[in-house]
Amino acid sequence: DAFHVFLAYLGGAVLARRGDTSPVQAADYWRTGLMELAGPSGAHAWALVGDNPQVAAFMQPPLPKGAKPTTAVSTPDKLDLLQTAKNHDIKQNRANKPHPDEWIYALISLQTMSGFMGKGNQGISRMNSGFGNRPIVEVIRSRRPGKRWADAVTRLLNHREVVLAEPFGYDPNGLVLLWTEPWDGNEQLSLAALDPFYIEICRRVRLVKSGLAVYAETYSANKTRIAAKELNGVVGDPWLPVDLSGTGDPKAWTVSSRGLTAELMRRLIFREDFRLSALQVPSPGWTGPVWFTVSVLVRGQGTTDGFYEWEILIPKERVKFIFGPRRESLAELSRIAITHAGNMQNRVLKPAVFELMQGGPQQLRFDHDASQAWWTRCARQFEQGWSEDYFPWLFSVPEDFDLDLEERRWVSSLRDHALKVLDDVEASMPSHSGRWYRAVTAMRNRFWGAFFSDSNFGFMRGEMRESAAEI
């Protein structure tokens, strides 16, 4: 996705400068446009390795004379933004015979997606604080890279007018390729000097050729390249949702170490405490199904907490309903369904699992370490199971739906997932024959007692009687 966003910004900038709107152009057109964006740097701005560090190279800013590198990086996988704890998770320096493309991808990933990583290693402006991350959220109608890119560029041009009208202060003729400007590690650029489609760099890096080998030298920077800290990452990036939750100023959305959850995806789709851009809703002329896509690399302080990706197919029959003015009824159902999932997990399934783990005791102990360890695995399995069914169920609901009917349909699915977890834990945990029957019986009694409780899912009693009558 980093490469897709890079290419879309680049294509949008060329079209905007040349006064065109169609992304379908000949190779010579793009070649000329790229050279125009490079300005005085010319072809040097597109060269992967430059002979003179005082002259720009691709994603590599000119440096002052006498600048001293702080580190040397021999492979692109170590240069990339992925952080590992003491090199244990994924071994670095494995790409020891890299293709030039690998250096290109690593530079783009590093320069456009990185956060703060220790003294001298600054982060990007399109992120809420140096310890945040940069989720890429986009509604697409085709998974084909070329078609997705063309759609993104077309919508970017419309988004550009919106951003220029907002008080960011962008210059429609401002700087696009930030690596063409010299950077001493202290001087910062204001948004007023930039084009809305600016392609940023956050690290001072230069590729160097030694014989037949290429390696990277990194240089320390005392300040971020762009002076926009007070905006909390809200700089008009159409792939980055604006988080409106809380009482403070709007901020760029940051995904926590939990990663992407059904609740997060639901809130995004229904725009609950989020402001979305033109790239995050279907275009008016689209007539087929769409995918709501999210990807993010979640970072910690010196660690990588996981790469998450989720694509949700929205059938063409439901697109207008979900993104149109009547979506609130479905949004309310989606909230109810999430609440039911939480109640099923914490009020029904959890006590039942603890009953089994503790052998049917007179008094359950929820602070029991061994039980808690098993429960963590069970909860993960349950959430993964129902999350896979959540959006297909939600988007199968008709516009004029019966709330009670859909609630029962969803709770039936949750019940089945919970029972599957109980079956699995019963089959996999160590058993002691003397108390096994008692423990299993206590588990089942606890589950059904909690399930049919009036404070949980008492409304499902009627459905159970109907099922029994049919048998």
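Quick note: the sequence shown uses this note's numbering, first residue 7, plus one each step.
For every residue, glycine included, the Cβ atom is placed at its ideal position computed from N, Cα and C.
All of these numbers come straight from a predicted model, not from anything done at the bench.
CA-to-CA distance, residue j to residue i, given in whole angstroms
i, j, result
"Ala474", "Lys153", "Residue placement at Ala474 is flagged as unreliable, the pLDDT there being 37, under the threshold of 50; the coordinate-derived value follows with that caveat. C-alpha separation (whole angstroms): 52 angstroms."
"Trp259", "Thr267", "14 angstroms"
"Tyr221", "Glu323", "52 angstroms"
"Leu409", "Pro82", "54 angstroms"
"Tyr111", "Ala8", "9 angstroms"
"Asn228", "Phe280", "33 angstroms"
"Arg37", "Arg166", "22 angstroms"
"Met479", "Val241", "This structure does not reach residue 479, given that the chain is present from 7 up to 477, and the question cannot be answered."
"Asp375", "Ala433", "20 angstroms"
"Ser418", "Tyr15", "46 angstroms"
"Gly464", "Trp399", "22 angstroms"
"Thr160", "Gly455", "56 angstroms"
"Thr186", "Leu13", "17 angstroms"
"Ala22", "Tyr314", "33 angstroms"
"Arg452", "Met435", "18 angstroms"
"Ser482", "Ser80", "An answer regarding residue 482 cannot be provided, because it is not within the stretch 7 to 477 covered by the chain."
"Phe457", "Trp380", "21 angstroms"
"Arg147", "Leu69", "43 angstroms"
"Arg277", "Glu193", "38 angstroms"
"Tyr35", "Leu170", "25 angstroms"
"Asn93", "Trp416", "Residue placement at Asn93 is flagged as unreliable, the pLDDT there being 47, under the threshold of 50; the coordinate-derived value follows with that caveat. Asn93 and Trp416: Cα-Cα distance of roughly 44 angstroms."
"His423", "Trp392", "7 angstroms"
"Val168", "Gly348", "39 angstroms"
"Asp95", "Lys84", "Low local confidence applies: a pLDDT of 45 at Asp95 is under 50, so the model's placement there is unreliable, with the coordinate-based value given in what follows. If I take the Cα positions, the gap works out to 13 angstroms."
"Glu236", "Phe122", "16 angstroms"
"Ala91", "Gly330", "Here Ala91 scores only 47 on pLDDT, less than 50, and its place in the model should not be relied on; the value that follows carries that caveat. If I take the Cα positions, the gap works out to 45 angstroms."
"Ile232", "Gln117", "12 angstroms"
"Phe388", "His346", "13 angstroms"
Cβ neighbour criterion (16 or more within 10 Å) applied to residue i
i, result
"Gly294", "exposed"
"Ala343", "buried"
"Pro59", "buried"
"Lys125", "exposed"
"Pro67", "buried"
"Val30", "exposed"
"Lys97", "Note that Lys97 scores a pLDDT of 46, beneath 50, so its modelled location is shaky; the value from the coordinates is reported in the next line. So Lys97 ends up on the exposed side."
"Lys257", "buried"
"Asp86", "buried"
"Gly136", "buried"
"Asp157", "buried"
"Gly468", "exposed"
"Gln128", "buried"
"Gly252", "exposed"
"Leu411", "exposed"
"Asn352", "exposed"
"Gly175", "exposed"
"Arg386", "exposed"
"Ser377", "buried"
"Lys74", "exposed"
"Arg273", "buried"
"Gln364", "buried"
"Phe203", "buried"
"Asp243", "buried"
"Pro151", "exposed"
Cross-strand partners of residue i (DSSP beta bridge)
i, result
"Phe327", "According to DSSP, which records beta bridges pairwise, Phe327 is partnered with nothing at all."
"Asp57", "Paired residues: none, contrary to the question."
"Thr230", "Answer is none; Thr230 lacks a bridge partner."
"Gln31", "For Gln31, which the question treats as bridged, DSSP gives no partner whatsoever."
"Asp249", "Lys257 and Phe280"
"Phe298", "Val145 and Ile318"
"Lys215", "Val220"
"Gly312", "Val304"
"Ile205", "Leu183"
"Arg210", "Tyr225"
"Leu200", "Leu181"
"Gln128", "For Gln128, which the question treats as bridged, DSSP gives no partner whatsoever."
"Gln66", "Ala63"
"Thr77", "Thr224"
Distance cut-off 8 angstroms: residue i Cβ against heavy atoms of the ligand ATP
i, result
"Ala424", "You won't find the ligand ATP in this model; it holds no ligand whatsoever."
Presumed contact (8 angstroms Cβ cut-off) between residue i and residue j, rounded CB distance
i, j, result
"Thr76", "Thr309", "Going by Cβ atoms, the distance from Thr76 to Thr309 rounds to 21 angstroms, so no, they are not a contact pair."
"Val20", "Gly39", "3 angstroms"
"Met133", "Gly254", "The Cβ separation is near 16 angstroms, so there is no contact."
"Gly180", "Asp201", "4 angstroms"
"Arg305", "Asn164", "The Cβ separation is near 32 angstroms, so there is no contact."
"Ala63", "His50", "6 angstroms"
"Asn414", "Met466", "Contrary to the premise, residue 414 reads as Arg rather than Asn in this sequence. Going by Cβ atoms, the distance from Arg414 to Met466 rounds to 6 angstroms, so yes, they are a contact pair."
"Gly265", "Ser226", "That pair is no contact at about 32 angstroms."
Should the stretch 350-359 be regarded as contacting the stretch 287-306, the criterion being three or more beta carbon pairs within less than 8 angstroms?
no
Evaluate contact between the stretch 238-253 and the stretch 283-292, counting only Cβ atoms and requiring at least three cross-stretch pairs below 8 angstroms.
yes
Take every Cβ of the stretch 44-61, pair it with every Cβ of the stretch 203-213, and state whether three or more of those distances are shorter than 8 angstroms.
yes
If we count Cβ pairs, one from each stretch, closer than 8 angstroms, do we get three or more for the stretch 395-403 versus the stretch 332-343?
yes
Does the count of Cβ pairs from the stretch 419-433 and the stretch 310-321 closer than 8 angstroms reach three?
no
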